[in-house]
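Trainee:
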Amino acid sequence: MQIYNSMTRKKEEFVPIEEGKVGIYACGPTVYNYFHIGNARPFITFDVLRRQLEREGYQVTFVQNFTDIDDKMIRRAQEEGISVQELGDRFIREYYTDAAALGVRPATVHPRATEHIGDIIALVEKLIEKGCAYATPAGDVYYRVSAFPGYGKLSGQSVEDREMGASERVDVETDKESPADFALWKAQKPGEPAWESPWGMGRPGWHIECSAMSMKYLGSTFDIHCGGKDLLFPHHENEIAQSEGATGHPFVRYWMHNGFINVDNQKMSKSLNNFFTVRDISKEYDLEAVRLFMLSAHYRSPINFSRDQIEAANASLNRLYTARDHLRFQLENGEDRPLNGEEQAFLQRLAEYEKRFDAAMDDDLNTADALGVIFEMVKDANVAVGPGCAKEAAEKALSSLKAVCDVLGILTREQDDLTDEVRRMVEERAEARRQKDWKRSDELRDAIRAAGYILEDTKQGQKVRKDPDR
Numbered sequence: 360m361q362i363y364n365s366m367t368r369k370k371e372e373f374v375p376i377e378e379g380k381v382g383i384y385a386c387g388p389t390v391y392n393y394f395h396i397g398n399a400r401p402f403i404t405f406d407v408l409r410r411q412l413e414r415e416g417y418q419v420t421f422v423q424n425f426t427d428i429d430d431k432m433i434r435r436a437q438e439e440g441i442s443v444q445e446l447g448d449r450f451i452r453e454y455y456t457d458a459a460a461l462g463v464r465p466a467t468v469h470p471r472a473t474e475h476i477g478d479i480i481a482l483v484e485k486l487i488e489k490g491c492a493y494a495t496p497a498g499d500v501y502y503r504v505s506a507f508p509g510y511g512k513l514s515g516q517s518v519e520d521r522e523m524g525a526s527e528r529v530d531v532e533t534d535k536e537s538p539a540d541f542a543l544w545k546a547q548k549p550g551e552p553a554w555e556s557p558w559g560m561g562r563p564g565w566h567i568e569c570s571a572m573s574m575k576y577l578g579s580t581f582d583i584h585c586g587g588k589d590l591l592f593p594h595h596e597n598e599i600a601q602s603e604g605a606t607g608h609p610f611v612r613y614w615m616h617n618g619f620i621n622v623d624n625q626k627m628s629k630s631l632n633n634f635f636t637v638r639d640i641s642k643e644y645d646l647e648a649v650r651l652f653m654l655s656a657h658y659r660s661p662i663n664f665s666r667d668q669i670e671a672a673n674a675s676l677n678r679l680y681t682a683r684d685h686l687r688f689q690l691e692n693g694e695d696r697p698l699n700g701e702e703q704a705f706l707q708r709l710a711e712y713e714k715r716f717d718a719a720m721d722d723d724l725n726t727a728d729a730l731g732v733i734f735e736m737v738k739d740a741n742v743a744v745g746p747g748c749a750k751e752a753a754e755k756a757l758s759s760l761k762a763v764c765d766v767l768g769i770l771t772r773e774q775d776d777l778t779d780e781v782r783r784m785v786e787e788r789a790e791a792r793r794q795k796d797w798k799r800s801d802e803l804r805d806a807i808r809a810a811g812y813i814l815e816d817t818k819q820g821q822k823v824r825k826d827p828d829r
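Residues 360 to 829 (our numbering) make up the sequence shown, in order.
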């Protein structure tokens, strides 16, 4: 697999630290609200990365954190009159609901910052011992950026850029040695949650949380760190400074960052009223179509979220479901016989489709090209696997389609999704046709259509599928 490494700014062959195993850390959500459509892109993208690596035989340890102590969380909890922990517990539950609806699998480990305070304090102490950090009389601890000569190597941002105010989520302080220094530990303010530490009651800064949690579960050097492009600076830059300052070892081998999402060709922003949570979107769109839309462009490219794009993705998704259900129907009604020459040639083409799919995925996770291969496979299968086919041809086509779609996390709904009432009408209609009761057959066909299903009569029997326009 070739991966575009944000550190070196070029594609590199992926070689894991330990043969056959991969450690991945993905930045997770700050759990003060439902996560938004911009968050969804990295969740989907790096879920697919994990799936492709597993398809290639790797044992993947996938770590995605929850930031459950943060300025935004404190403000939201105070507004609602609840504790920060209650707020975090609620939106972690909601994360799992929305992530599952998007087809995002749970991580191997989902560490919470508040459950790793001891690890964070130990890391801060180590940085102080090494001269990379310092405590102030007020009980704050800052990272001394001047102590890390490599600062800026990931983002290309200089210390001067840092000094100009790129210290996200860090209050304006007056007792820092340099404006570029950033908070590792924040002294408690009135009404804030806090933990005991060598510097007094306080709480961790944002950046140190990810360093402590990633190294706890993946070691001082691990394979892949990923997240949105917006995290590249200062968050990931600061993670490198903290982690390498503490250990003296390279922190991460490969850095991966996904591109931004625009909404109707405008930058997503609350001020423009185009800032949507996934929960909002689920009320109008099928989230599986949203997932397919996200994968229709290369992960590093910007992508434009619009109604037309989602409707196009939904139409594409329906084509895949129609093809899958066609193959299942042919498998149920196919012939128990050896493959003929045309079917053998088709199976050879199937193997080539899978090779091309893997080649696209191994080219820096090119899901757009991989989807193109899937639709070529489907077009071929729709013609090659028809009435009178060998069961083996239908079975192998289904298996190939499922294998590649599983990597992308699509085509997961069960066949037809028939209600008990519709299933009863389909069976009754089949009996009416056997009895040549054409009037009753037509009545039942109309009733099935009114219930939102398309019914087709074939030589092999009835085919029923959900009407994509209903």
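Cβ atoms here follow ideal geometry from the backbone N, Cα and C, with glycine treated the same way.
1. Answer with buried or exposed for Met560, where buried requires no fewer than 16 other C-beta atoms within 10 angstroms of its C-beta.
2. Taking the DSSP output, what are the residues bridged to Cys748?
3. How far does the beta strand (DSSP E) with Met366 in it reach, from first residue to last?
4. My assumption, with CB atoms under 8 Å, is that Gln361 sits in contact with Asp722. Please give the rounded CB distance.
5. I need the DSSP call for Val422, collapsed to helix, strand or coil.
6. Runs of 4 residues minimum, wholly inside the stretch 419-463: which ones carry the alpha helix (DSSP H) assignment?
7. Between which two residues does the alpha helix (DSSP H) harbouring Trp565 extend?
8. Within 10 angstroms of its Cβ, does Phe734 collect 16 or more other Cβ (buried), or is it exposed?
9. Where does Trp554 fall in DSSP's three states?
10. At what residue ranges does the stretch 578-653 contain a whole run of the alpha helix (DSSP H), taking only runs of 4 or more?
11. Apart from the five residues on each side of it in sequence, which residues of its chain come closer than 8 Å, Cβ to Cβ, to Ile403?
12. From Val504 to Gln707, what does the alpha carbon distance come to, in whole angstroms?
13. What runs of the beta strand (DSSP E), each 3 residues or longer, lie entirely inside the stretch 376-419?
14. Roughly how many angstroms lie between the CA atoms of Ala399 and Leu631, to the nearest whole one?
15. By the 10 Å Cβ neighbour count, where 16 or more other Cβ atoms means buried, how is Gly490 classified, buried or exposed?
16. Taking the continuous alpha helix (DSSP H) assigned at Phe716, which residues delimit it?
17. Roughly how many angstroms lie between the CA atoms of Met420 and Thr389, to the nearest whole one?
18. Per the DSSP calculation, Leu482 is bridged to which residue(s)?
19. Taking a contact to mean a Cβ-Cβ separation below 8 Å, would you say Ser602 touches Met574 in this structure?
20. State the DSSP-derived secondary structure class of Asp530, mapped to helix, strand or coil.
21. Rounded to whole angstroms, what's the CA-CA distance from Arg409 to Gly550? Just pull it up for me.
22. Spell out a yes or no on whether the stretch 620-630 and the stretch 660-677 are touching, meaning 3 or more CB-CB pairs, one atom from each, closer than 8 Å.
23. Return the CA-CA distance between His395 and Ala459, expressed in angstroms with no decimal places.
24. Out of Tyr454, Ala553 and Cys569, which one is the CA nearest neighbour of Val443?
25. Assuming contact is defined by CB atoms lying nearer than 8 Å, are Asn725 and His616 in contact in what I supplied?
26. Hey, quick one: how far does the alpha helix (DSSP H) through Lys738 stretch, first residue to last?
27. What are the partner residues of Gln821, as DSSP defines its beta bridges?
28. Kindly list the residues whose CB is nearer than 8 Å to the CB of Ala809, restricted to its own chain and excluding five residues on each side of it in sequence; keep chain order.
29. Give the straight-line distance between the Cα atoms of Ala492 and Val483, rounded to the nearest whole angstrom.
30. Suppose the cutoff is 8 Å on Cβ atoms and the five residues either side in sequence are ignored; what does the same chain contact list for Leu698 look like?
31. Can you say whether Ala762 is buried or exposed, counting buried as having 16 or more other CB atoms within 10 angstroms of its CB?
32. Can you tell me whether Arg368 is buried or exposed? The criterion is at least 16 other CB atoms within 10 Å of its CB, across all chains shown.
33. For the stretch 736-747 against the stretch 684-695, are there 3 or more C-beta pairs whose distance is under 8 Å?
34. Classify Asp779: buried if its beta carbon has 16 or more other beta carbons within 10 angstroms, exposed otherwise.
35. Span of the beta strand (DSSP E) holding Ala492?
36. Quick one: give me the first and last residue of the alpha helix (DSSP H) that Tyr502 is part of.
Mentor: The structure says:
1. When all chains shown are included, Met560 counts as exposed.
2. In DSSP, Cys748 forms no bridge with anything.
3. Per DSSP, Met366 belongs to no beta strand (DSSP E) and is neither H nor E.
4. At roughly 6 Å, the Cβ-Cβ gap stays under 8 Å, so Gln361 and Asp722 are in contact.
5. Reduced to three states, the DSSP call for Val422 is strand.
6. The alpha helix (DSSP H) runs of length 4 or more contained entirely in the stretch 419-463 are, from start to end of the chain, 430-439 and 443-460.
7. Looking at the DSSP string, the run of the alpha helix (DSSP H) that includes Trp565 is Trp565 to Leu577.
8. Exposed, since its Cβ has fewer than 16 Cβ neighbours within 10 Å.
9. It is a strand residue.
10. With a minimum length of 4 residues, the continuous alpha helix (DSSP H) runs that stay inside the stretch 578-653 are 596-606 and 637-641.
11. If we look at Ile403 and ignore the five residues flanking it on each side, its Cβ neighbours are Leu461, Gly462, Val463, Arg650, Met653, Leu654 and Gly768.
12. Looking at the two C-alpha atoms, the distance is approximately 58 Å.
13. Every unbroken stretch of the beta strand (DSSP E) spanning 3 or more residues and falling wholly within the stretch 376-419 is given here in chain order: 380-385.
14. In a straight line, the C-alpha of Ala399 is about 20 Å away from that of Leu631.
15. Exposed is the call here.
16. In the DSSP annotation of this structure, the continuous segment of the alpha helix (DSSP H) that includes Phe716 starts and ends at Gly700 to Asp721.
17. In the sequence as presented, Met is not what sits at residue 420; that position holds Thr. When the Cα atoms are used, Thr420 and Thr389 turn out to be separated by approximately 21 Å.
18. Residue pairing by DSSP leaves Leu482 without any beta bridge partner.
19. Yes. Within cutoff.
20. Here Asp530 scores only 49 on pLDDT, less than 50, and its place in the model should not be relied on; the value that follows carries that caveat. Coil at Asp530, not helix or strand.
21. Linking Arg409 to Gly550 through their CA atoms gives a straight-line distance of about 41 Å.
22. Yes, the stretch 620-630 touches the stretch 660-677.
23. Annotation: His395 to Ala459 spans about 14 Å, alpha carbon to alpha carbon.
24. The candidate whose alpha carbon is nearest that of Val443 is Ala553.
25. Their beta carbons are not under 8 Å apart, which means Asn725 does not touch His616 by this criterion.
26. From DSSP, the alpha helix (DSSP H) with Lys738 extends over Thr726 to Ala743.
27. According to DSSP, Gln821 bridges with Asp816.
28. Apart from the 5 residues on each side of it in sequence, Ala809 has no Cβ closer than 8 Å to any other Cβ in its chain.
29. Straight-line Cα distance between these residues: approximately 8 Å.
30. Within the same chain, Leu698 has close Cβ partners Leu706, Ala749, Glu751 and Ala752.
31. By the neighbour-count rule (16 or more Cβ atoms within 10 Å), Ala762 is not buried but exposed.
32. With a 10 Å radius around the Cβ and a threshold of 16 neighbouring Cβ atoms, Arg368 comes out exposed.
33. With a cut-off of 8 Å, the stretch 684-695 and the stretch 736-747 count as touching, because enough Cβ pairs lie within range.
34. So Asp779 counts as exposed.
35. Boundaries of the beta strand (DSSP E) around Ala492: Ala492 to Ala494.
36. First-last for Tyr502: Val500 to Tyr502, but that is the beta strand (DSSP E), not the alpha helix (DSSP H).
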